[in-house]
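Worksheet for the structure shown next.
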Amino acid sequence: MLKQIKTILKTAVLIAKTSPWNLPAFIGSRFLEIVQPFVTLFFSAKILDLLTQGADRPQVVQWIIAGSAVTALIHLTGRFFANLNSVEGMDLFVKLYEEMSAAMMRADYSELENGKMREKYERIVRAANVYWYGPWEVPGVLMNVTEGLTVVISSFALAYPVFVPAEGNDWWQTVLLVALIVGSATYSFFAERKLYQLKEQGLEGQIHDNQVLNYMDEYITADKAAKDVRLYQQQNSIRRFRDTFNQKMRQGVGESRRRKEASNSAIREMFGRLISFAGYLIVGIRAAQGYFSIGDVLLYAGALSRVSEGARMLVYSMQHVAMQAPHCQEFLDFVQIGKKTKKRSEEASVARSTSHEIRFEHVSFSYHGSTKPAVEDVSLIIKSGEHLAIVGKNGSGKSTFVKLLCRMYEPQKGHIYLDGKEIRSYSKEEYWKILGVVFQDFALIGLPLAENIAASAQYDEKKVRRCLKDIGLEEWADQLKNGLNEWMSAMEGTAPSGGERQRLALARAQYRDPSLMLLDEPTAALDPVAESEIFKKCREITGSTSAVYISHRLSACRFSDRILVFDDGHIIQEGHHDELVQQKGTVYNQLWQAQAQYYT
Numbered sequence: 283m284l285k286q287i288k289t290i291l292k293t294a295v296l297i298a299k300t301s302p303w304n305l306p307a308f309i310g311s312r313f314l315e316i317v318q319p320f321v322t323l324f325f326s327a328k329i330l331d332l333l334t335q336g337a338d339r340p341q342v343v344q345w346i347i348a349g350s351a352v353t354a355l356i357h358l359t360g361r362f363f364a365n366l367n368s369v370e371g372m373d374l375f376v377k378l379y380e381e382m383s384a385a386m387m388r389a390d391y392s393e394l395e396n397g398k399m400r401e402k403y404e405r406i407v408r409a410a411n412v413y414w415y416g417p418w419e420v421p422g423v424l425m426n427v428t429e430g431l432t433v434v435i436s437s438f439a440l441a442y443p444v445f446v447p448a449e450g451n452d453w454w455q456t457v458l459l460v461a462l463i464v465g466s467a468t469y470s471f472f473a474e475r476k477l478y479q480l481k482e483q484g485l486e487g488q489i490h491d492n493q494v495l496n497y498m499d500e501y502i503t504a505d506k507a508a509k510d511v512r513l514y515q516q517q518n519s520i521r522r523f524r525d526t527f528n529q530k531m532r533q534g535v536g537e538s539r540r541r542k543e544a545s546n547s548a549i550r551e552m553f554g555r556l557i558s559f560a561g562y563l564i565v566g567i568r569a570a571q572g573y574f575s576i577g578d579v580l581l582y583a584g585a586l587s588r589v590s591e592g593a594r595m596l597v598y599s600m601q602h603v604a605m606q607a608p609h610c611q612e613f614l615d616f617v618q619i620g621k622k623t624k625k626r627s628e629e630a631s632v633a634r635s636t637s638h639e640i641r642f643e644h645v646s647f648s649y650h651g652s653t654k655p656a657v658e659d660v661s662l663i664i665k666s667g668e669h670l671a672i673v674g675k676n677g678s679g680k681s682t683f684v685k686l687l688c689r690m691y692e693p694q695k696g697h698i699y700l701d702g703k704e705i706r707s708y709s710k711e712e713y714w715k716i717l718g719v720v721f722q723d724f725a726l727i728g729l730p731l732a733e734n735i736a737a738s739a740q741y742d743e744k745k746v747r748r749c750l751k752d753i754g755l756e757e758w759a760d761q762l763k764n765g766l767n768e769w770m771s772a773m774e775g776t777a778p779s780g781g782e783r784q785r786l787a788l789a790r791a792q793y794r795d796p797s798l799m800l801l802d803e804p805t806a807a808l809d810p811v812a813e814s815e816i817f818k819k820c821r822e823i824t825g826s827t828s829a830v831y832i833s834h835r836l837s838a839c840r841f842s843d844r845i846l847v848f849d850d851g852h853i854i855q856e857g858h859h860d861e862l863v864q865q866k867g868t869v870y871n872q873l874w875q876a877q878a879q880y881y882t
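Residue numbers (our numbering): 283 to 882.
Rendered as structure tokens:
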């Protein structure tokens, strides 16, 4: 339990840093809400005693005024905290999700590609949305602890005379009350623990199902799928698929949990009524014997009616700590992903220059779960200013080579050097500054055109226009309603065509003034004429800048100084187009002949 308490407190510290007023507002509003009935009960009992004992009117009025003033003050202060809590609660909700989003963006690409990060994210979100687990509930956990302690302490403080035998033979009354309270607390403890176990089973089983349903939601709302859904009438298949998963998620553990919750509620209600009945019985007997006044009866009976509730709250709050702690720890671990452990002073700086040499030395890499290397024992040099083409069949290792070159992955064997220095000695952020990359599956964000190209809200307009001109989109941009401020989104502005999107991606890469241009299938959405123009333009705008082209279409090879042919994770050929195409029976010759036959 101590470990779980520490986890909750660590999460509370994070919340206090993220949203400083959230915890005081949340706990303050609930604390005052809990205390108010006890304050009202105390003053009511006192005033009732004064009236029945024939006290002076001024004395009674003083107690009435005092009780009203204290109650009003508690109510108004509670409303203030409640209003503050409604604002701070939303603020906390947003900021904690921002923490998770930041972790997703910091995470290694390998974690995202293999789905581990998405699975962790889905688990945290699912636990929060369905079962109310996670850091968002920590204010509630602390409130439950506060509430349970407040109710138990207040109840016993007001009703303690009931637990003290009035005469020697009244011990059975104390034993009866204590037994009922302990029984209620014990049952609540084991019942809540069983319910927690059922919830955990449900959560584990629904993580995958929830991911599948999310995929279906994304599929039916995606522009790319809309035509297929309608042409092939996939609606019925999708509906049947969703119904099957929804039924699966409702059955099994869910039904067991609902039955358990219903029985828990009924038994807790029974214990509460038994304690209230025993309390009224004992107070009534002692009042009849002359030990308690009428005000005492009101005070003690009212306090005892809350004892069962307070004991249950206290047990539940501790069980709640045990329930929430693992999910809070998952969140704490998640938001730490990708945070730097290396001091900046220990990281080398990459010189801003167009002259860089990159060397692969016996590099090998295998994907997680695969026994076969995606690239194996690859050695090569990308010389300063060189234009290099990488070709090969599907699955030959080209994409993995690109990811290693971009440091999306790190070599498992061998080394990569930048200007003679091990590439790991640079931070990834520092290294990425020298790269201008266009991936085959690149993404443009729904922001203004200029911000997409500059990848920043602060940009050089002349430079943006120069990049647009270089890739042949200056006239297109000028025709947009809002020019460079046009949003790249069908909802808010203009949705570029496939070819326009690829040209914009090239402009974005060029805007960085990179030392190395890396183009992974940059012309996949272009026709052959446009493709030829783009490669010519790439050759012009890169000039003395190094460039690496990865393409299935071999037209890029004619614009390259050197060609590397990948096959089964190895470099099997190297040279210029004119010499490689003459090597009969080789992979390059086969690729060239397969494409050339359609143009002759």
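We treat Cβ as the ideally placed atom computed from N, Cα and C, and that holds for glycine.
Notebook entry, point to check: CB residue 848 to CB residue 683, shorter than 8 Å?
Noted result: Pairing residue 848 with residue 683 gives a Cβ-Cβ distance under 8 Å.
Notebook entry, point to check: Over what stretch of residues does the alpha helix (DSSP H) that includes residue 647 continue unbroken?
Noted result: No alpha helix (DSSP H) holds residue 647; the beta strand (DSSP E) holding it covers 640-647.
Next item on the list: May I have the straight-line CA-CA distance separating residue 465 from residue 374, to the nearest angstrom?
Entry: Straight-line Cα distance between these residues: approximately 38 Å.
Note to self: Need the endpoints of the beta strand (DSSP E) that residue 697 sits in, please.
What the structure shows: Note, residue 697: beta strand (DSSP E), 695-700.
Notebook entry, point to check: Alpha carbon to alpha carbon, how far is residue 294 from residue 408?
Noted result: Cα-Cα distance, rounded: 21 Å.
Margin query: Can you list, in chain order, the residues of its chain with a C-beta nearer than 8 Å to that of residue 472? Leave out the 5 residues immediately preceding and following it.
Written below: Once the five neighbours on either side are set aside, residue 472 has no close Cβ partner at all.
Next item on the list: Express the C-alpha separation of residue 664 and residue 670 in angstroms, rounding to a whole number.
Entry: For residue 670 and residue 664, the gap between their C-alpha atoms comes out near 7 Å.
Checklist line | Cα-Cα separation between residue 865 and residue 874, rounded to whole angstroms | finding: Taking the CA atoms as reference points, residue 865 sits about 11 Å from residue 874.
Check: By Cβ distance below 7 Å, which residues in the same chain neighbour residue 328 in space, the five residues on each side in sequence not counted?
Finding: Hits under 7 Å: 345, 577.
Check: Once you ignore the five residues that flank residue 325 on each side, which residues in its own chain have a CB closer than 6 Å to its CB?
Finding: Within the same chain, residue 325 has close Cβ partners 349.
Next item on the list: Please list, in chain order, all residues of the same chain as residue 332 whose beta carbon is under 7 Å from its beta carbon, the five residues on each side excluded.
Entry: Counting only Cβ-Cβ distances below 7 Å, and skipping sequence neighbours, we find 341, 342, 345.
Notebook entry, point to check: So, are the CB atoms of residue 366 and residue 303 less than 8 Å apart?
Noted result: Residue 303 is positioned such that its CB atom lies closer than 8 Å to that of residue 366.
Check: Residues in its own chain within less than 8 Å of residue 770 by CB, not counting five upstream and five downstream?
Finding: Same-chain partners within the cutoff: 726, 727, 728, 729, 730, 731, 734, 776, 777, 778, 786.
Checklist line | DSSP state of residue 854 mapped onto helix, strand, coil | finding: Residue state for residue 854 is assigned as strand, using DSSP reduced to three classes.
Margin query: Using a Cβ-Cβ cutoff of less than 7 Å, which residues in the same chain neighbour residue 498 once the five nearest sequence positions on both sides are dropped?
Written below: Exclusion of the five residues before and after residue 498 leaves 520, 523, 524 as the residues of its chain whose Cβ lies within less than 7 Å of its Cβ.
Note to self: I need the DSSP call for residue 310, collapsed to helix, strand or coil.
What the structure shows: In the three-state reduction of the DSSP assignment, residue 310 falls in the helix class.
Check: At which residues does the alpha helix (DSSP H) containing residue 656 begin and terminate?
Finding: Counting along the chain, residue 656 falls outside any alpha helix (DSSP H), and DSSP gives it neither H nor E.
Margin query: Taking only three categories from DSSP, how would you classify residue 859?
Written below: In the structure shown, the three-state DSSP call for residue 859 is helix.
Item checked: Assigned exposure category for residue 402 - 16 Cβ within 10 Å defines buried -> Taking all protein chains shown into account, residue 402 has 16 or more neighbouring C-beta atoms within 10 Å of its C-beta and is therefore buried.
Notebook entry, point to check: Rounded to a whole number of angstroms, what is the C-alpha to C-alpha distance between residue 435 and residue 424?
Noted result: If I take the Cα positions, the gap works out to 16 Å.
Notebook entry, point to check: Considering residue 828, what are the terminal residues of the beta strand (DSSP E) in which it resides?
Noted result: Per DSSP, residue 828 belongs to the beta strand (DSSP E) from 828-832.
Checklist line | the region 644-654 touching the region 690-703, judged by at least three CB pairs closer than 8 Å | finding: Between the region 644-654 and the region 690-703 there are three or more C-beta pairs closer than 8 Å, enough to call the two in contact.
Check: Does the region 735-754 touch the region 788-795, meaning 3 or more C-beta pairs lie closer than 8 Å?
Finding: Yes, the region 788-795 touches the region 735-754.
Checklist line | Interface flag, residue 705 vs chain D, CB-CB below 8 Å | finding: Absent from the structure is chain D; it holds one protein chain and no more.
Check: Does the beta-carbon of residue 589 have 16 or more other beta-carbons within 10 angstroms, so that it is buried, or is it exposed?
Finding: Buried is the call here.
Notebook entry, point to check: Does DSSP classify residue 730 as helix, strand or coil?
Noted result: Correct three-state label for residue 730: strand.
Notebook entry, point to check: Under a Cβ-count criterion, where at least 16 other Cβ atoms within 10 Å of its own Cβ denotes burial, should residue 802 be classed as buried or exposed?
Noted result: In summary, residue 802 is buried, with 16 or more beta-carbon neighbours lying within 10 Å of its beta-carbon over all protein chains present.
Next item on the list: Specify the secondary structure class of residue 224 as computed by DSSP and reduced to three states.
Entry: The structure shown does not extend to residue 224, since the chain is modelled only from 283 to 882, so the question has no answer here.
Item checked: Exposure of residue 453, with buried meaning 16 or more beta-carbon neighbours within 10 Å -> With fewer than 16 other Cβ atoms within 10 Å, it is exposed.
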